[in-house]
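Visitor: Can you read through this structure? Questions will come right after.
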Amino acid sequence: MSTAIVWFRRDLRLADNPALRAALQAHDRVLPVYIHAPDEEAPWQPGAASRWWLHHSLTALDAALRGRGTALYVAAGESLPVLRGLLSASSAVAVYWNRLYEPAVIARDTTLKKALRDDGIDAQSFNANLLFEPWEIATAQQTPYKVFTPFWRNARARLQVRPPLPAPRRIDGAEVAGSLSIDRLALLPTIAWDAGFAESWKPGEAGVAGHLRRFCAEAIGDYPSARDLPDRPGTSRLSPHLHFGELSPMQIAWTLQESSMSAKQKGGAEKFFSEIGWREFSHHLLYHFPHTALENLNPRFDGFAWAAGDERLLRRWQQGRTGIPIVDAGMRELWTTGWMHNRVRMLVASFLTKNLRQHWLHGARWFWDTLVDADLPNNTQGWQWTAGCGADAAPYFRVFNPVTQGEKFDAKGDYVRRWVPELRLFPDTLVHRPWQDPVRLRASGYPQPIVDLAASRARALTEYARTAG
DNA sequence: CCTGGAGTTGTCCTA
DNA sequence: TTAGGACAACTCCAG
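Residue numbers (the numbering used here): 221 to 689.
See the structure below:
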C-alpha cells in the first residue's frame, strides 16, 4: 500500500486535475492537503476579497472530497515543514501538485521540490492552470513575446485541445489526525462587509461547468458587443473561478470546441477565447519579467512625473466619491461585490493614473485587496497596460474620457444609477455629467468632480509626451 | 542583417 | 450630425 499527498493550492477542483490524477494512478491512497501560508506569497499575499473566496472554495472542495470517501486536510504554517510532518504521519512517499507562476511561489516551490527530493520523496509538479507553460511559447528568435497578437497567433496555431480529465469517483484517503477546520484559518472578515459577495457569487467547482455551458448557450453570440456594456450580463464572470482553479482553461477550450454553435456564436466564442489568451499572455509576461509585479516593464517610464502620492485623492477614488459617475459606480460595485466590469476597470484605472496621475501601484494594490478575482499576472499586466508602461501599451495620448465612455456604453445610465443612487434624480442626458445641473447636484448630495477632466487630461498628455519623447 | 507591416479597448477638432 | 484625420514615434516580430 503506498500513499501520495496531493497538495492543493489554486487548483481547487477534482475534474481535470493532473496532480490528483497522477496520485490516484500511481498510489493506493491519497491525502489531499491545503496549507495556509500567505507570507510565502509576499509581497502579494492574498487580499481580503480573495480570502473570502478561498474560504468558500476550500469548503466546497472539502465537501466534494467527502462525497468521494475522504476529506481535505487543512494546515497552517511553513509549507515545507508541514509537508514533511504529513509525509511522516501518513507514511506517504510522494507529493504531487499543480504549478503556479508568480515569482515568489516559483521560488518557494523550486526550493521545496529539491528539499523533498533530497529526502527521497517523489515530488512532482504538473501543468493544470495554463494552456501552455510560459516557456513553451517563444518567438522565432527564442525570446519571450511582448506583443499579444503574435503571441496568441502562435499559441492558437499550436494548441491541441484535449478532453478534460474526469473527476475521480472515489478516493481512498489516508487517515491523519490534526487537520484544522477551515474556520480556523480566519479567512472571513471579522466585520460583515461580505453580504454583497454572497449575493453575487457561488465559489466552488460544483456549479462552474453549468455556468460555462449556460454562457456558451445564451450569451456567447452577443459577447463581442455586449461585453462592453456594464449594465448587462454580457461577460462570463468566470475570472475568480479561473483564478482559484475551479475551472481550467483547457476545460473552457474543450467546451467551446464541443458546443454546437451558429456562425455568429463561433465568432463570439473566438473573441471570448482570446480573453483566455490574454490570461495566458499575462502569465507569460510575469514569468519572463518577474520584476514587473512592482516595477515598470518599460524602463522609460521610470522617470515619469507621477503626482505626489495623495491619500485624500486616493481615498476618494477607493470609496467611489470622485464625482465622476461611471468611476464611482465601478468603485462601489467593486467594494460591494468584489468584482468590477472589465470596461469600467479600464476607466477607473485610466482616471487614477492619467487624470489623477497617481502611480499605477496604488491602483494595483487596491484591486489586489478588493477583487475576488485578484490575480497577479492579470493585475500587473492590466495596470501597466493602462498606465502606458507595460507591454504593447496604449499610445500615451489615449486617455479615456469617462463622460464619453459612460454615454457610449451606459447610454441610459442604468449602471451608474444602480451603484450611485444619488444619481437617480438626474435624467439620462445629465446622468454622466451631473455637475451641469448645480442645483440638482446639491440636492442629491453627490460630490463635485475632484478634478477637472479636460485640464487633467491636458496635463497628463504633456507629461506623457515628455516621458515618451 | 535588413525590411516592412503592425500594434485590444480613444479623443477631439474640423470640415 | 457625422466622418475622417491628427495625435508620435517606437518596438516588436516574421520573412
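All C-beta atoms in this analysis are idealised placements derived from N, C-alpha and C, irrespective of residue type, glycine included.
These numbers were taken from a predicted model, which means no experiment stands behind them.
Given that a residue counts as buried once 16 or more other Cβ atoms are within 10 Å of its Cβ, and exposed if not, what is Phe-371?
Guide: Buried, since its Cβ has 16 or more Cβ neighbours within 10 Å.
Visitor: So, helix, strand or coil for Leu-306, using DSSP?
Guide: helix
Visitor: Looking at Thr-369 and Leu-506, is the spacing between their C-beta atoms short of 8 angstroms?
Guide: no
Visitor: Quick test of your reading: Gly-604 and Asn-516, contact by CB under 8 angstroms. State the CB separation rounded to the nearest angstrom.
Guide: Note on identity: in this sequence residue 604 is Gln, with Gly being the wrong assignment. Their Cβ separation, rounded to whole angstroms, is 7 angstroms, which keeps Gln-604 and Asn-516 in contact under 8 angstroms.
Visitor: Under a three-way DSSP split, which group does Ser-727 fall into?
Guide: As displayed, the chain neither begins before 221 nor continues past 689, which places residue 727 out of reach and without an answer.
Visitor: Got a sec, what are the start and stop residues for the beta strand (DSSP E) Arg-249 sits in?
Guide: 249-256
Visitor: Within a Cβ cutoff of 6 angstroms, which residues of the same chain sit near Asp-634, ignoring the five residues on either side of it in sequence?
Guide: If we look at Asp-634 and ignore the five residues flanking it on each side, its Cβ neighbours are Asp-451.
Visitor: According to DSSP, simplified to helix, strand and coil, what is Ala-224?
Guide: Residue state, collapsed to three classes: strand.
Visitor: Would a C-beta distance cut-off of 8 angstroms place Thr-223 and Leu-244 closer than the cut-off?
Guide: It is not a contact, given that the beta carbons lie outside the stated cut-off.
Visitor: Spatial neighbours of Val-348 within its chain, please: CB distance less than 8 angstroms, with the 5 preceding and 5 following residues excluded, ordered by chain position.
Guide: The identity of residue 348 in the sequence shown is Ala, whereas the question assumes Val. Asp-231, Asp-236, Asn-237, Pro-238, Ala-239, Asn-318, Arg-319, Gly-465, Ser-468, listed in sequence order.
Visitor: Any contact of the segment 658-669 with the segment 534-545, i.e. 3+ C-beta pairs under 8 angstroms?
Guide: Taking 8 angstroms as the limit for Cβ pairs, the verdict is that the segment 534-545 does touch the segment 658-669.
Visitor: Contact between the segment 422-437 and the segment 309-316 is defined here as three or more beta-carbon pairs at a separation below 8 angstroms; is this criterion met?
Guide: no
Visitor: Please list the terminal residues of the continuous beta strand (DSSP E) segment that includes Asp-342.
Guide: 342-346
Visitor: Write down the C-beta distance between His-582 and Leu-572 rounded to the nearest angstrom, noting that I regard them as a contact closer than 8 angstroms.
Guide: 7 angstroms
Visitor: Is the segment 497-504 in contact with the segment 556-571, if contact means three or more CB pairs nearer than 8 angstroms?
Guide: Segments in contact, no.
Visitor: Asn-318 by DSSP, collapsed to three states: which one?
Guide: strand
Visitor: At the level of alpha carbons, what is the spacing between Arg-288 and Ala-335?
Guide: 32 angstroms
Visitor: Measuring straight from C-alpha to C-alpha, what distance separates Ala-426 and Gly-608?
Guide: 39 angstroms
Visitor: Assuming Thr-687 contacts Arg-520 (C-beta within less than 8 angstroms), just tell me the rounded distance between them.
Guide: 6 angstroms
Visitor: State the start and end residues of the unbroken beta strand (DSSP E) segment that holds Tyr-293.
Guide: Note, Tyr-293: beta strand (DSSP E), 293-296.
Visitor: Beta-carbon separation of Asn-575 and Ser-480 under 8 angstroms?
Guide: no
Visitor: Please work out which residues of its chain come closer than 8 angstroms, Cβ to Cβ, to Ala-614, disregarding the five sequence neighbours upstream and downstream, and give them in chain order.
Guide: Trp-605, Thr-606, Gly-608
Visitor: Identify whether Gly-694 lies in helix, strand or coil by the three-state DSSP scheme.
Guide: No answer is possible for residue 694: it lies beyond the span of the chain, which begins at 221 and ends at 689.
Visitor: Would you mind working out which of Pro-654, Leu-281, Ala-678 sits nearest His-461, comparing C-alpha positions?
Guide: The candidate whose alpha carbon is nearest that of His-461 is Leu-281.
Visitor: Answer with buried or exposed for His-463, where buried requires no fewer than 16 other C-beta atoms within 10 angstroms of its C-beta.
Guide: Result: buried.
Visitor: Can Asp-593 and Lys-366 be called in contact, C-beta distance under 8 angstroms?
Guide: no
Visitor: So Leu-379 and Leu-400 are in contact, right, with Cβ under 8 angstroms, and what is the actual spacing, rounded?
Guide: At roughly 40 angstroms, the Cβ-Cβ gap does not stay under 8 angstroms, so Leu-379 and Leu-400 are not in contact.
Visitor: Which residues mark the beginning and the end of the alpha helix (DSSP H) in which Pro-444 is found?
Guide: 443-446
Visitor: If we ignore side chains and look at the alpha-carbon of each, how far apart do Val-381 and Ile-440 end up?
Guide: 19 angstroms
Visitor: Just to confirm my understanding: we take Arg-304, look at its own chain, exclude 5 residues before and 5 after, and list those with CB closer than 6 angstroms. What are they?
Guide: none
Visitor: To the nearest angstrom, report how far apart Phe-617 and His-247 are at their CA atoms.
Guide: Cα to Cα, Phe-617 sits roughly 59 angstroms from His-247.
Visitor: Just tell me which of Thr-290, Gly-267, Asp-403 has its CA closest to the CA of Thr-279.
Guide: Of Thr-290, Gly-267, Asp-403, the residue nearest in Cα terms is Asp-403.
Visitor: Nearest CA to the CA of Glu-495: which residue from Ala-397, Glu-438, Leu-533, Gly-602?
Guide: Gly-602
Visitor: Tyr-443 and Lys-491 - do their beta-carbons sit closer together than 8 angstroms?
Guide: yes
Visitor: Residue ranges of each alpha helix (DSSP H) run of no fewer than 4 residues wholly in the segment 448-499, ordered along the chain?
Guide: 459-463, 469-478
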